[in-house]
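Colleague: Here's a structure for you.
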Amino acid sequence: MTMQKIYLAIPLLPMFAAIIVGLFGKQLPRATAHVVTILGVGSSFVLSAIVLNDAMTAPAYNATVYTWLKSGTLTFEVGFLVDRLSAMMMVVVTFVSLMVHIYTIGYMHEDKGYARFFSYISLFTFAMLMLVMSNNFMQLFFGWEAVGLVSYLLIGFWYTRPTAIYANLKAFLVNRVGDLGLLLGIAMVLYYFGSLDYATVFKLAPDFAAHTVYIFPHVPWSLMTVTCILLFIGAMGKSAQVPLHVWLPDSMEGPTPISALIHAATMVTAGIFMVARMSPLFELSNTALSFVMIIGSITALFMGFLGIIQNDIKRVVAYSTLSQLGYMTVALGASAYSVAIFHLMTHAFFKALLFLGAGSVIMGMHHDQDIRNMGNLKKYMPVTWITSLIGSLALIGTPFFAGFYSKDSIIEAAAASNITGSSFAYFAVLVGVFVTAFYSFRLYFLVFHGKEKWREAKGDSHHHESHKVDTHDENNHSSTDAERAHDSHDTSHEDSSHEEHHGLSPNDDPHEPGWVVKLPLILLAIPSVLIGYLAIKPMLFGDFFKDIIFVNHEAHPAIEDLTHHFNTVLHTPAGMALHGFMTLPFVLAASGVLVAWFFYMKRPDIPAAIQHRFSLINKVLENKYGFDSFNEKVFARGALFIGNKLWQIGDVQLIDGAFVNGTARLIGKLSGVIRKLQSGLIYHYAFAMIIGVFLFLTFFMKT
Amino acid sequence: MLNNLLSHILSLSIWVPILAGVAVLALGSDKTPNATRWIALVGGLAAFAATIPLYTHFNFAYGGFQFQEGIRWIPAFNINYHLGVDGIAVPLILLTSFTTVIVVIAAWEVITLRIAQYMAAFLIMSGLMIGVFSALDSILYYVFWEAMLIPMFLVIGIWGGPNRVYATIKFFLYTLLGSLLMLVAFIYLYYQTGSFEVVDFYALPLGLKPQILIFMAFFMAFAVKIPMWPVHTWLPDAHVEAPTGGSVVLAAIALKLGGYSFLRFAMPISPDAAHYLAPMMITLSLIAVVYIALVALVQQDMKKLIAYSSISHMGFVTLGFFIFNSLGLEGAIVQMISHGFISAAMFLSVGVLYDRMHSREIADYGGVANTMPTFAAFAVLFAMANSGLPGTSGFVGEFMVILGALQANFWFAFLASTTLIFGAAYTLWMVKRVFYGAIANHHVAELKDINKREFLILGVLAIMVLGFGLYPAPIIEITHATVLQFISQMHNKIPSVVSAATY
C-alpha cells in the first residue's frame, strides 16, 4: 500500500464503520456495532502509527485529494497535509478513540442506543482526523463543524433527558459564536492571500506583517492582528476559553466515554492545534498573541477555582479540563506552540484516563455521580484506584509523570515570555498549580479514601443538583417549553438510559467493571506516566516540529530560553524531573495535595466552615461567575424579545397591518364610495350627464 | 429523430409535463385513485427525463444561450416563441422537474380528494415554471410567469388550510401587482428596441435614470417573488395554508423564479442601476438575513418557522447577486439550488408529521424521536443542512457568499455570518422541541415511523443534500461560463477576486 492510500484509509475506515453501523446497526446483531467500529478505528490507529514512524524521517506530505469546487481563480480543495504535527495528532486521536471504543462496550452495554453510540464515536473519529489532516482552511472548517455536530449528537445522546438536550443545543450555539469568528478569519485569509491553502498562505504571510485594514473607517488595524484574533475566536469556542467556555461543563450530560474522548482529549484541543498550525500567522502579531495569552490565563485560573466547589465527579474533571486548556492557550500566547501541543498530548492521555476512571467509579456507584456519597473505593475498585491516582499525579505535575514535563514547560514559557500580559499569565499558571492539586486530590480523597459514605446516604438527594440547575437554565426558553421539559422529566425514567439509575443502596458494595473497562484504564495509565519523559526532548528541544511550527525567536524568546536552560542546566528529562522537586510549582502542588488531605481527610469541618465564612465567594463560584445567567438573560432572552418585537410590530402591525391590509382597506373604502355612484337610478345618471356636458361646454367655450 | 428531439428539448421540457397534466385531468378521477396516481407519476418521470439532456448535452464552455428554438408567434408585435437556456437556467430547470416527481410521490396516499386535479396542477405548474426559466422573449416569459400563479392559486385555494382564502388573495395580489410594473417595463423596452427579445434588451444603451426606473419596476416583481424584506409577508401565510406539495414547490422553485429573473432581466438590462442601487439591495438582503432569522426564532408554527427561514436564506441569494464578484454570484446560484432541496425536505418533513397529527404547532409535539427514530434521523440531517453545516449543500452557498461579501465590506460578511448562530438557533431549537425530550402526549406515543414511500423521498433528498455538500463542483461547472459572461455583461464593473498581493 502506498502512503497516499494509507492517508486516505485512516479517516475513511472509521467513516465507513460509522455508516455501516449507523444505517444497519439495528438489523445486525448487537456485537457487530463494536466489532465493526473497533476494527475501523483500530486499523486507523495502526496505520497512524506507521505514518508517524514514516513522518519522523520523510518530508511532509501535502497533496489534494479532490477539488471541491472552483470559482473564478479560486480553487477549494480537500487535501491532506501529513507532517509530524498531524501524524502525532492522528496517533493521539486514534489511540484515545480506540480506548474509548473498547471502554464503551462495558459502559454502554445495557443501553438501547448501543449501535447508535458506536456509530457516532466512529463518525467523530473521522471528523477529527479530517480536521487534523487538513491542508487548507476550508477542510479545517469542515472538520471543525463536523466534530461540533457529533458533539451535539453525543451530548444529547440520551435525548429524553431535558438536561441533555438543553446542554447540546447550548454547546452547538456557543460553538457557533466561535465559528463565526473562525469563518470571518478564513474569509480575511482568502481575501488578502487569495488562497485557502496552508502552505501558500503561510508563505505569503510575512509580506503582510505591516499591512493594515480598515474595519472601522479611519481606524487602521493590523491585518494580521485582526485575522489572528478572528481565527482565535473560533479556537475560543471549540477549546472552551472564557467567555465561550460555558458549554463545556454542561456537556457532561453526555455519556462518560465521550466526555473522555471529545470533551477532554481531542475535540476541545482542536483550537490549540489550530493555533499551533497557524503559528506563521500568529507570530506576526504581538497583539493577537497577548490576547491569546490573557484569555488563556483567565481560563486557566478562574476555571480552576470552580473545580473546587463541584460535587459531581464529572464536573470536577470538566473544570480541570477547562483550566488545562487555559494552560495550553497560555503556551500558545508565549509562542511556545510546541509546548502547547506537548501538553495537549500528555493531557489527552491523563485526562482521558481520569474521565474513564470517573466513568468506572460511576458504574461502581450505580450511576451516582456525587462525590459526597463515595469514599474508600480503593478497597473495592483497585485498578480504578491506582490508575486514577496515576492520572491525578500526572495532572498536578508530579515530577517524572507526563503532566510534569508539559506543565512545567508551560510555566517556564510564561515566565520567559515578554509580551503584554505575560506576567499575569505567569501568576495565573502558578496559582493554578496549587488550585489544580487541591481540587484533584479533594476529588481523589473523597472518592477513594475515607468513610464509605454511601452507606449513610439518605434518600436520593444526590444527582438532583444538576436537575435544579437545569430547570433554572430552561427559563431562557419560552415558559411553555421549560414547563414541558420539566414535567416530562419525571416521566422519562422509563427509558433505558442506564445513568438514570439512582445510586448504590447502603448495604451494597461497589464492584469494579470487567476487563473492557479496566484494559483502557491500564493502557492509558502507561503513557500518562511515560510519555512526557520520552517525548519532551524531541518535541520541545529537538527537530520534531522543525519547519512545521514557526517561531520568531528574536521577538518571542520563550522556547529558545527553555531549550537553552534544558541544554545547559538540566541536560536530560530525568535531570529536569529531579530539578523539578526543588522548584516553586512543586511546592505549590505538594501544598495543594496536603491542604486537600488536611481538609477532607483530617478536618472535614474546615471546608464547611470556610464555605460558611466566605459565603459571598462561595456564591460567586456556585453561580460560575454569572456567565450562564448573563447569557441567558441578555443573549437568549434578548434575541427572543427582539425577534418577537420584530415579528409582532414589524411584520404583523406595520407591514401587514398598516401597509398590506391597510391598502386593501383603503381600496375597500374607495370602492364603497364609488359604488354609491352606481345607484342604478336613471335620473342620477342623467343628472351626472348634464353636469358633464355642462363642464365640457364650459371648458371648450373658454378656449 | 434523436437530433430532431434534441433541437426541441426545451419545448419538450415545457410541454411534456403540461400535456401529462392534461392527460391526468382527462383520464384520472377519484374513482380510480391508483391509476390516476400512476399516470401522474409516469408523466412526472417522463417530464424529468425530458430535462436530463439539458445537462448531458450542455456545452459547459459556452456562456450564451443554448438549445435555442423559436417560431414567430404574434408577428404584429414582433412577439416570438423563443426559448433558450444558459448555465444559470439549466440547474433550476432540473430542480423543477426533479421536485415535481417528489411532489407527486409525496401526495400519493395523502391527497384523496380531487387527486387528478391536484396532480395535474403540479404537472402543469412544473411546465410553466420551466417556461419561465427558458423563455427568451419577454412576453412569452410574462405569460409563463403569470400563468404559473393560477395552478398555485388553485392548489392553495382548494387543498389548503382553513384560512386559505385570505392567503390566496394576499399571495395573488402581492405577486400580480409587482408583475404589472414589470409588464410596463417590457412595453417601455419594446418601444425602445422594437422587439420583445431579451437579447435585444441587453444590447440597448440606456441612461442611468431610465435604468433606475426599469430596475425598480423589475424589482417590484422579483422582490415580491423571492421574497425580500419588506414585501415578504405573503409567504408565511401562503405556506401555512398550502398543502405540503404546494409548500414544497413554493419554497423549492417559485422563490427561485424571482432570483433567476434578477439575473435574467433586472441586472443585465440595467447594469448601471444595479450598481447604483446595490447599497439598497445589500441592505435589504442583510435585513432579510438578520431580522427574518430573529423572527423565525419566535415562531410557534413549524411551517411559518421554515417559511421565515426560507426568506432568511434567500437573503443570501440577493446578497450574493449584489456584491458583484464571482464568488458571491456563484454562491448565490448554489444557494438557490441547495435551498430547493433543503426547503423541500423540511416542508416534506412537516408534512409527514402533519399527516399523522394534523397539527403544525411546535407545542403539540415533543419526543417524536422516541416513536419515529428513522424519521428523526432524517429531520436532524435536514435541520443541520438548514443550519449550513459543512458537508451538506446548505453550507456551500452561504460559505461562498460570506467569503465574497467580506471582499466588499467586512460588516456585510459579519452580518451575514450571524446566520451561523441564528440559523442554528431557530432550526435546532425546533428540533429540540419537536423531536427530543420525553414523549409529550398520547398522540406522539401513537406515531408510526415513516413508511417506505416517505423513506424514499426523504432518502433521495438526503442524498442530494449530502452529495452536493461533499461535491458541489457540478453546479459551479455548469454555471461557470455563464457567470463569466454575466460579469462582463455587467460592464466589467465586477472585480474578480484579486489577491491584495498583486497591488
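Taken in order, these protein sequences are the chains called A and B.
Numbered according to this note's numbering, the first sequence spans residues 1 to 703.
Numbered according to this note's numbering, the second sequence spans residues 1001 to 1503.
Note that CB positions come from ideal geometry on N, CA and C, so glycine has one too.
(1) How would you write the range of the alpha helix (DSSP H) that Glu1477 of chain B sits in, first residue to last?
(2) Run through DSSP, which three-state label would Ala1221 of chain B get?
(3) For my contact list, Val1248 of chain B and Thr1099 of chain B are in at a C-beta cut-off of 8 Å; report their separation, rounded to the angstrom.
(4) For Ile6 of chain A and chain B, any beta-carbon pair shorter than 8 Å?
(5) Below 8 Å between beta carbons: does that hold for Tyr1291 of chain B and Leu646 of chain A?
(6) Closer than 8 Å, CB to CB, is Gln1407 of chain B near chain A or not?
(7) Roughly how many angstroms separate the alpha carbons of Met236 of chain A and Phe282 of chain A, rounded to a whole number?
(8) If we call anything under 8 Å between Cβ atoms a contact, is Phe438 of chain A one with Gly592 of chain A?
(9) Quick one: Cα of Glu474 of chain A to Cα of Asn62 of chain A, how far?
(10) What are the partner residues of Ser71 of chain A, as DSSP defines its beta bridges?
(11) So for Ala1369 of chain B, helix, strand or coil by DSSP?
(12) Kindly indicate if chain A contains any beta-carbon less than 8 Å away from that of Val994 of chain B.
(13) By DSSP's criteria, Thr212 of chain A is part of a beta bridge. Which residues make up the other side?
(14) Under the rule that 16 or more other beta-carbon atoms within 10 Å means buried, what is Lys1256 of chain B, buried or exposed?
(15) Using a C-beta cutoff of 8 Å, does Met1384 of chain B count as contacting chain A?
(16) Quick one: is Met1314 of chain B near chain A, going by C-beta distance under 8 Å?
(17) To the nearest angstrom, how far is it from the Cα of Leu588 of chain A to the Cα of Val433 of chain A?
(18) Sort A:Leu534, A:Gly662, A:Ser338 by Cα distance to Thr563 of chain A and report the nearest one.
(19) Specify the secondary structure class of Pro1067 of chain B as computed by DSSP and reduced to three states.
(20) How far does the alpha helix (DSSP H) with Asn1034 of chain B in it extend, from its first residue to its last?
(21) So, does the CB of Asn989 of chain B fall closer than 8 Å to a CB anywhere in chain A?
(22) Rounded to the nearest angstrom, how far is the Cβ of Ser195 of chain A from that of Ser285 of chain A, given a contact under 8 Å?
(23) Report the rounded CA-to-CA distance for Phe305 of chain A versus Ile642 of chain A, giving the unit in angstroms.
(24) Would you mind stating whether Ala1425 of chain B and Leu1297 of chain B have Cβ atoms separated by less than 8 Å?
(25) Using a beta-carbon distance below 8 Å, is Lys1170 of chain B in contact with chain A?
(26) Under 7 Å Cβ-Cβ, which residues of chain B neighbour Gly643 of chain A?
(27) Give me, in chain order, the residues of the same chain whose beta-carbon lies closer than 6 Å to that of Ser1007 of chain B; leave out the 5 immediate sequence neighbours on both sides.
(28) Could one say the Cβ of Lys1225 of chain B lies closer than 8 Å to chain A's Cβ atoms, at least one of them?
(29) What's the gap between the Cα of Tyr120 of chain A and the Cα of Asp1200 of chain B?
(30) Given a cut-off of 8 Å, decide if Gln139 of chain A and Gly79 of chain A are closer than it, judged by their beta-carbon atoms.
(31) Taking DSSP as the reference, what is the three-state secondary structure of Met1228 of chain B?
(32) How big is the Cα-Cα spacing for Pro280 of chain A and Phe427 of chain A?
(33) Since Phe1122 of chain B meets chain A, which of its residues come closer than 7 Å, beta carbon to beta carbon?
(34) Leaving out five residues before and five after Tyr1276 of chain B in sequence, what residues of the same chain have Cβ atoms less than 7 Å from its Cβ?
(35) If you reduce the DSSP assignment to three classes, tell me which class Ala709 of chain A lands in.
(36) Taking only three categories from DSSP, how would you classify Leu1277 of chain B?
Modeller: Looking at the coordinates:
(1) Under the DSSP assignment, Glu1477 of chain B falls in the alpha helix (DSSP H) whose first and last residues are 1473-1489.
(2) Here DSSP, grouped into helix, strand and coil, assigns Ala1221 of chain B to helix.
(3) Between Val1248 of chain B and Thr1099 of chain B a beta carbon distance of about 6 Å is seen, short of the 8 Å cut, so the two are scored as contacting.
(4) With 8 Å as the cut-off, Ile6 of chain A does not count as an interface residue toward chain B.
(5) A distance below 8 Å separates the beta carbons of Tyr1291 of chain B and Leu646 of chain A.
(6) Interface residue (Cβ-Cβ distance to chain A less than 8 Å): Gln1407 of chain B is classified as such.
(7) Whole-angstrom Cα-Cα distance: 15 Å.
(8) In contact: Phe438 of chain A and Gly592 of chain A (Cβ atoms closer than 8 Å).
(9) Any reading at Glu474 of chain A must be qualified, since the residue scores a pLDDT of 38, below 50, and its modelled position is unreliable; no value is offered.
(10) DSSP lists A:Leu74 as partners of Ser71 of chain A.
(11) Here Ala1369 of chain B carries a helix assignment [DSSP, helix/strand/coil].
(12) Absent from the structure is residue 994 of chain B, since the part of chain B shown begins at 1001 and ends at 1503.
(13) Under the DSSP definition of a beta bridge, Thr212 of chain A partners with A:Ser222.
(14) Lys1256 of chain B comes out buried.
(15) Cβ-Cβ to chain A under 8 Å: yes for Met1384 of chain B.
(16) It does not: the Cβ of Met1314 of chain B has no partner Cβ on chain A nearer than 8 Å.
(17) Between the alpha carbons of Leu588 of chain A and Val433 of chain A lies a distance of about 6 Å.
(18) It is A:Ser338.
(19) Strictly speaking, residue 1067 of chain B in this sequence is Phe, with Pro absent from that position. Collapsing the DSSP output to three states places Phe1067 of chain B in a strand.
(20) Note, Asn1034 of chain B: alpha helix (DSSP H), 1033-1056.
(21) In this structure chain B extends from 1001 to 1503, so residue 989 of chain B is not present and cannot be described.
(22) Wrong, their Cβ atoms sit about 20 Å apart, outside the cutoff.
(23) Looking at the two C-alpha atoms, the distance is approximately 35 Å.
(24) By the CB criterion at 8 Å, Ala1425 of chain B and Leu1297 of chain B fall inside the cutoff.
(25) Yes - at least one Cβ of chain A is within 8 Å of the one on Lys1170 of chain B.
(26) What Gly643 of chain A touches in chain B: Leu1294, Val1295, Leu1297, Val1298.
(27) The answer is none, since no qualifying residue turns up.
(28) Not an interface residue.
(29) Those two C-alpha atoms are separated by around 57 Å.
(30) Using a Cβ distance threshold of 8 Å, Gly79 of chain A and Gln139 of chain A count as a contacting pair.
(31) Correct three-state label for Met1228 of chain B: coil.
(32) In this structure, the CA atom of Pro280 of chain A is about 27 Å from the CA atom of Phe427 of chain A.
(33) For Phe1122 of chain B, no chain A residue has a Cβ inside 7 Å of its Cβ, as the nearest lies near 28 Å away.
(34) Here the set comprises Leu1208, Ile1212.
(35) Since the first residue of chain A shown is 1 and the last is 703, residue 709 of chain A is not available in this structure.
(36) Correct three-state label for Leu1277 of chain B: coil.
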